[in-house]
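If you're matching them up, the sequences are chains A and B in order. Just so it is clear: in the first sequence, position 121 is 121 by UniProt numbering, and no numbers are missing. Just so it is clear: in the second sequence, position 284 is 284 by UniProt numbering, and no numbers are missing. Cβ atoms here follow ideal geometry from the backbone N, Cα and C, with glycine treated the same way. Before any comments, here is the structure.
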Amino acid sequence: MEKKILLVDDEPSVLRVLDMKFKNAGFKVLTASDGMEGLEIIEKELPDVVISDNRMPNMSGIDLCVACKKIREKRNFLFIMLSSYASVTSKLDREWVNSLSDTVFIPKPFSPRNILKTVKKYFADNEERV
Amino acid sequence: METEIINWKEYIDEEKFENLLEDIFDSQGYSISLFNNEGKKLVRKNRDKQNHLVCEELRENENFCNEHYLKAQEAITGKRGNLSFCAKNRERFLFCAPFKTSSGKNLGAIVACKRAKVFDSHGDNLEENEEEVNFLKGITSLLADKIYQDIEIRHLSAELNAKYEELALLYEIGEKTLVSDSKDESVEYIVTRAMETVNPSLVVWSVREENKNIFYRNPERESEDKFISDEIIMEICRKVSRMSSRSREPLILNNLNKYREFAGIWQDPINVLSIPLVSDSKGFGSLNFIECNPEKIFLNDQLKLMESISRSTVTILKNSELYEKLQKLFFNVIRMLLGIIESKDTYTEGHSKRVYQISVQFAKILKLSRKDIFDLQWGAILHDVGKITIPTEIIKKPGKLTSEEYEIIKSHPVKGAELVSTIDEFKNAVKGIRYHHERIDGKGYPDGLRGTEIPLIARIIGIADTFDALNSARPYRAKPSRAFVLAELKQLASTQLDSLLVELLLNNYELFIKLLDSEDYELFEDTNIKGIW
């Protein structure tokens, strides 16, 4: 089945690049430009993967991660948080995010190929588990 | 004018596009065909149901359509100017036009067709249908703009994607050059990361100075690539490397067979990307990316990325060369110092080196940290450096020393520590020098420290010093027997020497005794300073 992936970032160029990368790889791609919009789509569409920036207007990536905790308890999905190394994300936040299952931090600047690899590995591992 | 062939169908969302065509042309009663500028028909949208007849006729009479496509093609190439035109054939009305964007980019041709009676009942004079023609022209241009926009967005996204990869790669490599101090490890890391990005069959680092080729095979490609022997690859690398080093510029050679220099080297086409590793003053050889699949040619943007990577690599190589030079210079200075100390007393020849070896053996058994090992090593090597300040007559005096002379001898740890304390890196090693004559019972010198007040590295150097002295001949005695040394050591435990260290020494006695005669002492590869001897 076609996998659904949601990209959340207020930076259109990031959306553009990842959109192309994942479309080419055969994913169905949804996009949102902040956490708020992202959450709405998550609730409606139940994507298989969410890739989110951290620093965004209205709702940050961390807040989005907190907000969809309940949904993920019922039906987990891979949550990739893009974040710069700088102190934008505090160590505590990072530790909290890392403590969740199927949640990864990928530092910026990121390699799109690497992100695709992470996502593919997640699906391969999941299949193995099943 | 050269026409760039754009296979725009790859760039559009087909479903959406066909729906769009349907929305526009269906409502107007048209069937539509789109051609790319090679004349290949890419999209065909026929009105079904209501205009079933038209479709049938079109299919029967493809030539009619093609003929007009050719005319449209003439319009594209300029033979007929920039005109769209319409034609009427029996019951059909046909619109042919170049499929052009408003900025003049050529995407091919459009042919729209509908039953004439739906369209016009006034006969051949098409001028009267100007409005309809203008509508078609406008729509054509809008469609072309839309497609071209999509193409541009895709191109830009692809370029942006490449930039993201490049940035991530450069960032990682930048980090790597900061933390790693091993040259080979850094280069290997860079090559591996570059290999992931470019994905060639293999990468060969032709090292100029040592005249050797280091192969990095791509594990992802092993199963699909045809095997080419190392000799052939080396031959290729030798030639390519010479070419790129000479021009000092990166080089792309897609399909080697094309080039005279490589004629007959291998039956299948091989693609090579060669990046010279040159700084302003020196060449380090080249990185050669080799692709065995002839379809996968190297592109200019890969070359650009590899160019920036080669700059990082050259920086690493240059730094490591400078570091090695500095280290060599430094070792030479230390060696000179040791030569001076030991020339004062021929009986202690090689003493500093043995104390170093024994100390490092202790460090290994005690699993000391890298930092402690560093301090211990230099403390051990330089522990007697203060003897430089002591007159040779006193050191070499055969008879008993006067108490005055003895005081002078006893000053050497403090003098040595003072000398070495001017070197920042040896801030902690100084403790090993100053306190190596302290005794556990507090009766040592210079400060009379007791037990664990004496820093560990000084206790280690102390026992190593004593152990070597016990095993050495002296002007007044021959080399003592093993039994004598063992007895002495046991007696000195917990008076002069740390009893735990003595226990360690006795438990590993064979290991330590071997070190006294050994020339080979690769005890710590990572903190190795054996180059000093």
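Alpha-carbon spacing of residue i relative to residue j, whole angstroms
i                     : j                     : result
residue 9 (chain A)   : residue 82 (chain A)  : 9 Å
residue 2 (chain B)   : residue 102 (chain A) : Unreliable placement is indicated for residue 2 (chain B), whose pLDDT of 42 sits below 50; no coordinate value is reported for it.
residue 170 (chain A) : residue 56 (chain A)  : Beyond the ends of chain A as shown, which are 1 and 130, falls residue 170 (chain A); an answer cannot be given.
residue 266 (chain B) : residue 155 (chain B) : 35 Å
residue 51 (chain A)  : residue 14 (chain A)  : 11 Å
residue 221 (chain B) : residue 198 (chain B) : 12 Å
residue 475 (chain B) : residue 348 (chain B) : 11 Å
residue 312 (chain B) : residue 169 (chain B) : 11 Å
residue 123 (chain B) : residue 114 (chain B) : Caution is warranted here: a pLDDT of 44 is assigned to residue 123 (chain B), below 50, making its placement in the model unreliable, and no coordinate value can be reported.
residue 412 (chain B) : residue 183 (chain B) : 39 Å
residue 234 (chain B) : residue 8 (chain B)   : 42 Å
residue 111 (chain A) : residue 373 (chain B) : 39 Å
residue 434 (chain B) : residue 176 (chain B) : 38 Å
residue 157 (chain B) : residue 240 (chain B) : 33 Å
residue 203 (chain B) : residue 109 (chain A) : 26 Å
residue 99 (chain A)  : residue 30 (chain A)  : 26 Å
residue 32 (chain A)  : residue 44 (chain A)  : 13 Å
residue 269 (chain B) : residue 205 (chain B) : 21 Å
residue 451 (chain B) : residue 327 (chain B) : 36 Å
residue 257 (chain B) : residue 230 (chain B) : 18 Å
residue 365 (chain B) : residue 447 (chain B) : 28 Å
residue 467 (chain B) : residue 391 (chain B) : 25 Å
residue 537 (chain B) : residue 46 (chain A)  : A query on residue 537 (chain B) cannot be resolved here, the shown segment of chain B reaching from 1 to 533 and no further.
residue 370 (chain B) : residue 260 (chain B) : 55 Å
residue 154 (chain A) : residue 64 (chain A)  : Any question about residue 154 (chain A) goes unanswered here, given that chain A covers just 1 to 130.
residue 24 (chain B)  : residue 119 (chain A) : 40 Å
residue 124 (chain A) : residue 320 (chain B) : 41 Å
residue 302 (chain B) : residue 200 (chain B) : 11 Å
residue 58 (chain A)  : residue 39 (chain A)  : 11 Å
residue 285 (chain B) : residue 315 (chain B) : 14 Å
residue 506 (chain B) : residue 439 (chain B) : 19 Å
residue 325 (chain B) : residue 494 (chain B) : 44 Å
residue 400 (chain B) : residue 187 (chain B) : 60 Å
residue 611 (chain B) : residue 109 (chain B) : Residue 611 (chain B) cannot be examined here, being either before or after the span of chain B that is shown, 1 to 533.
Cutoff 9 Å: residue i Cβ touching any chain B Cβ
i                     : result
residue 148 (chain A) : This structure leaves residue 148 (chain A) out entirely; chain A is present only between 1 and 130.
residue 33 (chain A)  : no
residue 21 (chain A)  : yes
residue 126 (chain A) : no
residue 114 (chain A) : yes
residue 123 (chain A) : no
residue 87 (chain A)  : Bear in mind that a pLDDT of 44 at residue 87 (chain A), under 50, signals an unreliable position, so the model cannot answer this.
CB contact check: residue i to chain A, cutoff 9 Å
i                     : result
residue 161 (chain B) : yes
residue 224 (chain B) : no
residue 196 (chain B) : yes
Under 8 Å by beta carbon: chain B residues contacting residue i
i                     : result
residue 17 (chain A)  : 157, 160, 161, 164
residue 109 (chain A) : 164, 167, 168, 171
Interface partners of residue i on chain A, CB under 8 Å
i                     : result
residue 154 (chain B) : 20
Expected contact under 8 Å - CB spacing of residue i and residue j to nearest Å
i                     : j                     : result
residue 431 (chain B) : residue 458 (chain B) : 6 Å
residue 164 (chain B) : residue 101 (chain B) : Their Cβ separation, rounded to whole angstroms, is 28 Å, which puts residue 164 (chain B) and residue 101 (chain B) out of contact at 8 Å.
residue 378 (chain B) : residue 426 (chain B) : 5 Å
residue 512 (chain B) : residue 358 (chain B) : 6 Å
residue 387 (chain B) : residue 395 (chain B) : 7 Å
residue 250 (chain B) : residue 275 (chain B) : 5 Å
residue 23 (chain A)  : residue 2 (chain A)   : Not a contact, Cβ separation roughly 11 Å.
Short CB-CB distance (under 9 Å) between residue i and chain D
i                     : result
residue 494 (chain B) : No chain D is present in this structure, whose protein chains are A and B.
| request: Enumerate, from N- to C-terminal direction, the unbroken alpha helix (DSSP H) stretches of 4 or more residues contained entirely within the region 431-491 of chain B. | output: 456-470
| Residue ranges of each beta strand (DSSP E) within the region 10-76 of chain A, 3 or longer | 28-32, 49-53
| Along the chain, which unbroken stretches of the beta strand (DSSP E) at least 3 residues long are found entirely within the region 216-301 of chain B? | 251-253, 271-278, 283-291
| Which residue spans inside the region 191-217 of chain B form an unbroken beta strand (DSSP E) run of at least 3? | Listed in chain order, the complete beta strand (DSSP E) runs (minimum 3 residues) inside the region 191-217 of chain B are 202-207, 212-217.
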